[in-house]
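See below for the structure under consideration.
There are 2 protein chains.
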Amino acid sequence: MSYESYDKAPPIPPEDYYIVKHEDLLNFVKSVFVKLGVPEEHAYWTADNLVTADLRGISSHGVARLRRYVDGIINGAVKTHPNIKIVKEGPVYALVDGDSGLGQVVGRKAMELAISKAKDGGIGFVTVRMSNHFGISGYYAMMALDHDMIGISMTNARPLVAHTGALGKWIGTNPISLAAPTKVPPPFVLDMATSIVPIGKMEVYSRRGKKAPLGWGIDGQGKLTDDPMIIRKEGALLPLGGLGETYGGHKGYGLAVLVELLTGVLSGAALLKDVGQTEGPGPSNVGHFFMAVNVESFMPIDEFKERMDYMIRTLKSAPLHPDFKRIWIHGEKSYLTTQKRMRDGIPIYKKVMSMMKEVADRVGVEFPWEL
Amino acid sequence: MSYESYDKAPPIPPEDYYIVKHEDLLNFVKSVFVKLGVPEEHAYWTADNLVTADLRGISSHGVARLRRYVDGIINGAVKTHPNIKIVKEGPVYALVDGDSGLGQVVGRKAMELAISKAKDGGIGFVTVRMSNHFGISGYYAMMALDHDMIGISMTNARPLVAHTGALGKWIGTNPISLAAPTKVPPPFVLDMATSIVPIGKMEVYSRRGKKAPLGWGIDGQGKLTDDPMIIRKEGALLPLGGLGETYGGHKGYGLAVLVELLTGVLSGAALLKDVGQTEGPGPSNVGHFFMAVNVESFMPIDEFKERMDYMIRTLKSAPLHPDFKRIWIHGEKSYLTTQKRMRDGIPIYKKVMSMMKEVADRVGVEFPWEL
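Listed in order, the protein sequences are those of chains A and B.
Residues 1 to 371 in our numbering are what the first sequence spells out, letter by letter.
Residues 1 to 371 in our numbering are what the second sequence spells out, letter by letter.
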């Protein structure tokens, strides 16, 4: 089987989607932010983050969220000209205050700081407070790849997950991302929510009127439910490992706390239910964590990449489980999807197109597509 | 309900266990290593690591493994006087070669190095090659607590887990540990295998002739099996998230790769199936990763601890799921178990006592218990 035209999230049913060119999407989104007063470069970063999510097949974190960022700026919860400052700093670490800027702008600046510190010091370790939702976490980890570094990125978020033993939403889907360079593409890119699934999956399932696999979430009384709407409303998502401790739900819960600790506790950001919404009214005070590791401090980059390739090759050489067609490595599906979508265009859900049209009209920028 | 006498792994059935004082156990294990030529202090570290596992209720990683370390030393695979050296170093990072010393000795020295680097530089980041099985990973993360630091520890290991899409054992149970100080004890201590369960659980289940919950592992053909012996022999454990991708098995797999990358790829240690056994014949070349984060570089330690307590208090304040009696935080069960076992003694399985007696006779040290 050829994977040249692989798409990890093909449009189903196709008639519910428009196909748009990624450059057009990027330019449009950028124009919205510029019109709202965001400096040109920052608008580009934000648009690039959102379109990268769509290219990688993570549409829940792509332009579908445009309105929230726009609302945040219009409501004054998100600042277009934040005074992003370093509160504490040493040669290899920093604590950054994002001053309620766009998460994509604060995140990018903080990861750049981590990378520049790692250039000289081997490691860059940056924790961030007073930021906003920063899009896909993997974006920041992947920034390290251009510098032959390992990148790590995490963020806390508004609670959506019931931790082990609890009812209701108490902790975010708190993602962990790590990117590492390889010789043979694609690079290794782990980008995972610490819940079984991110909330975006629930949105996709309820949009399609589909039942969710039993085990992803619970209802208000703590019973497993396959109704994505109940999970979203009165229920909650479950941590990786599921309900209870039998299959390691306490581990997924522990990883979510690990993320909360590095992104929230250590930075002074909001914690758990105190994290606000990007669309306001007040500052959301989201916390992030970024790390860059300069591989050359430990071994020649070529040797590292060869060792990465050897690890990946070995994992892929395993005999195939009868239920599977292929052994994947992390980031590979998104890489193939990006290649296909850069060539063939990005499928955008029709309702998302309408929302973008509304945003365009409201903000006063040209909407480049015919709906 | 009172948790004063809580034990996370009570002896079942009680008649299969002896109850021994932890000091006696520590002194005995230390005497074995001293007799084998291990320097006094290193013997103490190793014994302390093993007995700490038993105190915390993680008997799979405690003195039950004594013979493997003894065999390793006798076979020459593990050196009693390793030349542990720093291969690469900067102010906050180091690459350490453990020269096939005891994992507990190499691990302790490497974590001490990380802590001392974090004292001045804010962060200490140490990756290690040419080590051996180092016992419980949480031990090293917890070393940071005495210094008001966050500690992180990971290790790779011989393959026991079938990654997503694969048949057979291809990657280790690669644990992730993070410890962070709190004002109100216990401290937060996450210490988790990235598989659903560690192999020790399989040993406990097969010893008791019990079936394992379906979902923990597969047989040689990739089918889920509840037979712990089949999982141990021709089958494999499954990553956190389970078989396939539906419940996030690819995330547990990704976390295992993340650990392999930081402990193995970056350090130059053995990878995957190339990791050897502690008991020889050749060097096992296990890789570790340690990190220490000096909290005071980011905020006053009291503020950090109060923020930790607030997070934990909030998580514990959630309404209780009807299937649960209590919401736990990570490290709490092991903390209570340690308190009970320090007071009442440690239950040691009778077969483990016999094994220790054999070791005592073989090595020529006094066995302080009457069997």
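Yeah, the Cβ is synthetic: ideal placement off N, Cα and C, and Gly gets one too.
All figures in this text were calculated on a predicted structure; none of them were measured in a lab.
query, result
"Bridge partners - A/Met149, DSSP secondary structure assignment", "A/Asn294"
"Cβ neighbour criterion (16 or more within 10 Å) applied to A/Asp344", "exposed"
"Residue(s) in a DSSP beta bridge with B/Pro189", "Checking the displayed sequence, the identity of residue 189 of chain B turns out to be Val instead of Pro. Bridge partners of B/Val189: B/Ala179."
"Interface flag, A/Arg67 vs chain B, CB-CB below 7 Å", "no"
"Terminal residues of the alpha helix (DSSP H) in which B/Phe33 lies", "His22 to Lys35"
"Which listed residue (B/Ala212, B/Pro239, B/Asp219 and B/Gly138) has its alpha carbon closest to that of B/Asp226", "B/Ala212"
"Residues that A/Pro13 contacts on chain B, provided the C-beta gap is smaller than 9 Å", "Chain B residues near A/Pro13: none, gap ~22 Å exceeds 9 Å."
"Chain A residues whose Cβ lies nearer than 7 Å to that of B/Leu178", "Leu258"
"Chain B within 7 Å of A/Trp170, Cβ atoms only", "yes"
"A/Met192: contacting residues in chain B (beta-carbon distance under 7 Å)", "Lys251 and Gly254"
"Selected residue, minimal CA-CA separation from A/Gly72, among A/Pro14, A/His133, A/Pro368 and A/Asp120", "A/His133"
"When B/Ile231, B/Arg56 and B/Ser100 are compared against B/Ser334, the one with the closest alpha-carbon", "B/Arg56"
"Segments of 3+ residues assigned as beta strand (DSSP E) that fall wholly inside the region 35-96 of chain B", "85-89"
"Chain B contact for A/Tyr93 (CB, 7 Å cutoff)", "yes"
"Closest Cα partner of A/Ala256 within the set A/Val363, A/Ile348, A/Met143 and A/Pro198", "A/Pro198"
"For A/Arg326, three-class secondary structure by DSSP", "coil"
"Partner residues on chain A for B/Pro283, Cβ-Cβ distance less than 9 Å", "Within 9 Å Cβ-Cβ: nothing; B/Pro283 doesn't reach chain A, min ~18 Å."
"Separation of A/Thr194 from B/Pro319, as counted between CA atoms", "21 Å"
"Residues bridged to B/Pro281 [DSSP beta-bridge criterion]", "Per DSSP, none; premise fails for B/Pro281."
"Of the residues A/Tyr18, A/Phe298 and A/Met154, the one placed nearest A/Gly264, counting alpha carbons only", "A/Met154"
"Distance between A/Glu203 and A/Ser373 (C-alpha atoms, nearest Å)", "The question about residue 373 of chain A has no answer here: the residues shown for chain A are numbered 1 through 371."
"Beta-carbon spacing of A/Glu306, A/Pro186 below 7 Å", "no"
"Cβ-based burial, A/Val374 [other Cβ within 10 Å; buried from 16]", "Absent from the model: residue 374 of chain A. The displayed extent of chain A is 1 to 371, so no value can be given."
"Nearest candidate by alpha-carbon position, reference B/Met130, set B/Ser100, B/Lys117 and B/Ala110", "B/Ser100"
"Close-in-space but distant-in-sequence residues of the same chain around A/Thr338 (CB under 7 Å, 5 per side omitted)", "Leu55 and Arg56"
"Supposed contact pair B/Ala114 and B/Val126 - C-beta distance, whole angstroms, cut 8 Å", "4 Å"
"Neighbour flag for A/Lys88 against chain B, beta carbons, 7 Å", "yes"
"Cβ-based burial, A/Asp191 [other Cβ within 10 Å; buried from 16]", "buried"
"Residues of its chain near A/Asn432, where Cβ-Cβ distance is below 8 Å and the 5 sequence neighbours each way are ignored", "This structure does not reach residue 432 of chain A, given that chain A is present from 1 up to 371, and the question cannot be answered."
"Minimum Cβ-Cβ distance from B/Ile136 to chain A less than 7 Å", "no"
"At least 3 beta-carbon pairs within less than 8 Å: the region 279-287 of chain B vs the region 244-256 of chain A", "no"
"Span separating the alpha-carbon of A/Phe393 from that of A/Ala64", "Only positions 1 to 371 of chain A appear in this structure, which leaves residue 393 of chain A out of reach."
"Span separating the alpha-carbon of A/Lys30 from that of A/Glu41", "9 Å"
"Interfacial residues, the region 35-57 of chain A to chain B, with Cβ spacing under 7 Å", "none"
"Any chain B beta carbon closer than 7 Å to A/Thr314", "yes"
"Secondary structure of B/Met1, DSSP reduced to three states", "Because B/Met1 sits at a pLDDT of 49, beneath the cut-off of 50, its placement in the model cannot be relied upon, and the following sentence gives the value as read from the coordinates. Looking at B/Met1 - three-state DSSP - the assignment turns out to be coil, as it is neither helix nor strand."
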